[in-house]
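Residue numbers (the working numbering), protein chains in the order written: chain A, 1 to 350; chain B, 351 to 551.
For each residue, glycine too, the CB sits at the ideal point set by N, CA and C.
Here the structure is laid out as structure tokens; the discussion comes afterwards.
What follows is the structure, given as structure tokens:
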């Protein structure tokens, strides 16, 4: 039974990537993951253990990856390994320096049995365990992306959450609800379908409810609070007035005094979601606004002292972490000069 | 349920795990300072497991490589200081991601055969457990009754087999160095094989 999992790592696992000890660390993680998979294969986990497993998985993306990899290794041990499993008691040493000279492979791949024949029972047990784990109530878990960071978080039900720079969320999965609170910033959610357990995102005055689709939510600190629906359908409500609207694919729901739904061209949609790839897209946006956008991603600030100049618009796709690159191309295309002092870039007329 | 974890595990076992050794070779050839190959591998599995659907993926190997590549890019984006050579290397990596070399296909087959060798060299008891559990579809409890051993012992055998496979794929199917061929039956104690030796090449 898996033991001693929890004590050594806590909170944001991404903080702790160290140099040379990583290999030993990953060996340890793989071994624990294998033990958990073996344990879960026995049948549904008792509540306390399921909670420990869930906590372990939530701690670090490497834990989730190792667990997935262990499940895959277990799945791999089926018909294709049958010959190896039934190999005679004392075959020639399987690993020696001359292994390559032994000619024909000792154990070719056998598909005599179909994958799912042997996998059926495992599937039932694992699915039961997975459901059980995913429905265990627990404390809210917080995730954050630092300035300049874009972070993808996979949630225990298979949903995926992409956090934009300087964003943070609190995730709380319970039996009947998957609740996320976006406290700061912007995030994209790829929600795994579950008709009986809605996925909700609250952000300030906004509240979004999904049964499984893709949408992005932007908090007031980024700009106008809004929801971008890429596919599927969501219900959006305003907490203050209890007004609610249903929005389908390629729409934007803007929250001001009331909710407004507007259609969004798919091309514009993908432009607005370019931040997922660490890119910022501008279409006829003033350099002032562009500079403010870059300031969200980096400590390097772009300053435009001349207000008339700051209102000039620019179009293009830029790397979010490279404000200097943006400033250079803006200077080039608009005929400006740059003054770079430490963390400050000033754009001036020639 | 479409895309349930175990369906996904079967898909990954069929299409992704077999190309893991090639992915490791590729990642090892293009090391990014500060980024561990295993971290990338684990994150790749985490992402592929969490995908809402894999139905659209036509070329799993390419997709896997691209996923790993995107992890490196994400890492570089959040890294504060990245040397010019790293950026150049990663740009080169981006060029190779879409074109896995032809000889790697041959390498893949060779490695899968070696994985079979590693499984064949597992203690007999472990292999018996897997035959009953995965070929004959008995539950762990039924396996324990059939073999007359405790359920804990069965669970440990399952863990042991899973570890052996994980480690075999980690080493590209090569056996660990200096490991006695058959160890004690994994009834008690710390039987876990160290998944080291991946740098034995």
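Return the bridge partner residues of residue i from the DSSP annotation.
i	result
residue 254 of chain A	A:226 and A:260
residue 179 of chain A	A:172 and A:200
residue 346 of chain A	A:303 and A:339
residue 246 of chain A	A:235
residue 189 of chain A	A:161 and A:215
residue 143 of chain A	A:169
residue 151 of chain A	A:163
residue 316 of chain A	A:282
residue 206 of chain A	A:203 and A:238
residue 184 of chain A	A:168
Pull up the CB-CB distance for residue i and residue j, whole angstroms please, since I reckon it's below 8 angstroms.
i	j	result
residue 229 of chain A	residue 182 of chain A	Their Cβ separation, rounded to whole angstroms, is 15 angstroms, which puts residue 229 of chain A and residue 182 of chain A out of contact at 8 angstroms.
residue 192 of chain A	residue 157 of chain A	5 angstroms
residue 206 of chain A	residue 236 of chain A	7 angstroms
residue 479 of chain B	residue 493 of chain B	6 angstroms
residue 81 of chain A	residue 466 of chain B	7 angstroms
residue 86 of chain A	residue 499 of chain B	The Cβ separation is near 19 angstroms, so there is no contact.
residue 418 of chain B	residue 390 of chain B	5 angstroms
residue 171 of chain A	residue 141 of chain A	5 angstroms
residue 392 of chain B	residue 62 of chain A	4 angstroms
residue 305 of chain A	residue 346 of chain A	7 angstroms
residue 278 of chain A	residue 150 of chain A	6 angstroms
Output yes or no for whether 9 angstroms exceeds the beta carbon distance between residue i and residue j.
i	j	result
residue 321 of chain A	residue 148 of chain A	yes
residue 152 of chain A	residue 424 of chain B	yes
residue 327 of chain A	residue 302 of chain A	yes
residue 317 of chain A	residue 282 of chain A	yes
residue 225 of chain A	residue 210 of chain A	no
residue 84 of chain A	residue 470 of chain B	yes
residue 220 of chain A	residue 200 of chain A	no
residue 315 of chain A	residue 286 of chain A	no
residue 37 of chain A	residue 468 of chain B	no
residue 74 of chain A	residue 462 of chain B	no
residue 145 of chain A	residue 163 of chain A	yes
residue 413 of chain B	residue 72 of chain A	no
residue 358 of chain B	residue 404 of chain B	yes
residue 338 of chain A	residue 309 of chain A	no
residue 291 of chain A	residue 323 of chain A	yes
residue 311 of chain A	residue 288 of chain A	yes
residue 43 of chain A	residue 485 of chain B	no
residue 251 of chain A	residue 263 of chain A	yes
residue 351 of chain A	residue 186 of chain A	Here chain A covers residues 1 to 350 and nothing more, so residue 351 of chain A does not appear.
residue 495 of chain B	residue 370 of chain B	no
residue 208 of chain A	residue 196 of chain A	no
residue 509 of chain B	residue 249 of chain A	no
Would the region 406-426 of chain B and the region 163-177 of chain A be scored as touching if the rule is three or more Cβ pairs under 8 angstroms? no
Flag this pair as touching only if the region 482-491 of chain B and the region 49-60 of chain A have three or more C-beta atom pairs under 8 angstroms; answer yes or no. no
Spell out a yes or no on whether the region 291-310 of chain A and the region 249-258 of chain A are touching, meaning 3 or more CB-CB pairs, one atom from each, closer than 8 angstroms. no
Which runs of the alpha helix (DSSP H) fall wholly inside the region 56-85 of chain A and span at least 4 residues, in chain order? 61-76 and 82-85
Three-pair Cβ contact test at 8 angstroms for the region 22-31 of chain A versus the region 53-69 of chain A: yes
Which runs of the beta strand (DSSP E) at least 3 residues long sit entirely within the region 361-398 of chain B? Give them in chain order. none
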